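Reviewing the structure listed below.
Residue numbers (the numbering used here): 25 to 159.
Printed below as a string of structure tokens:
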């Protein structure tokens, strides 16, 4: 499915309504590219750990928010979520985004670890792999 109401091309899999966590992850990405951090703030644990594999680790909710805010999300031209998979305490999102002033795609795969299998559980850990390239 597609949503361009944001001025950004946002494409996501049709099966995004299968589980509450799947919907939550889709909405999290959708809100981030819209510049709205409210859902991120509500969704992560105070002691969340975000590992950008091969780059850095960010510990704590406020540090995570600061890191996200430091990126120019308004520079995103399109975001394509190729897959969103959730099961129990785990969630995974893969896809790619392009920037307005760069022709190279940025591919990513992110694994989310939740505090429990419940639909209202908080994200306690995030692992993200990022690869820049046109393939």
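No residue lacks a Cβ here, since even glycine has one placed at the ideal position from N, Cα and C.
This structure is a prediction, so every number in the text was calculated from the model and none was measured.
### Query
Taking just the CA atoms, how far does residue 142 sit from residue 177?
Because the chain is modelled from 25 through 159, residue 177 falls outside the range shown and cannot be assessed.
### Task
Run through the stretch 87-117 for me and flag every whole beta strand (DSSP E) of 3 or more residues, listed as ranges in chain order.
100-111
### Task
Let me know if residue 86 comes out buried or exposed under the rule of 16 or more other beta-carbons within 10 Å of its beta-carbon.
exposed
### Terminal residues of the beta strand (DSSP E) in which residue 7 lies
Since the first and last residues shown for the chain are 25 and 159, residue 7 lies out of range.
### Message
Our contact map puts residue 101 next to residue 46 with C-beta atoms below 8 angstroms; I'd like the distance itself, whole angstroms only.
### Response
Not a contact, Cβ separation roughly 25 angstroms.
### Task
Output the boundary residues of the alpha helix (DSSP H) element that contains residue 57.
44-57
### Task
Please report how far the alpha carbon of residue 51 lies from the alpha carbon of residue 144, in whole angstroms.
14 angstroms
### Message
Please classify residue 81 as buried or exposed, where buried requires at least 16 neighbouring CB atoms within 10 angstroms.
### Response
exposed
### Query
Starting from residue 65 and walking both ways along the alpha helix (DSSP H), at which residues does that stretch end?
62-67
### Query
For residue 69 versus residue 150, is the C-beta distance shorter than 7 angstroms?
no
### Straight-line gap, residue 121 to residue 99 (C-alpha atoms, nearest Å)
10 angstroms
### Message
Quick check on DSSP: helix, strand or coil for residue 83?
### Response
strand
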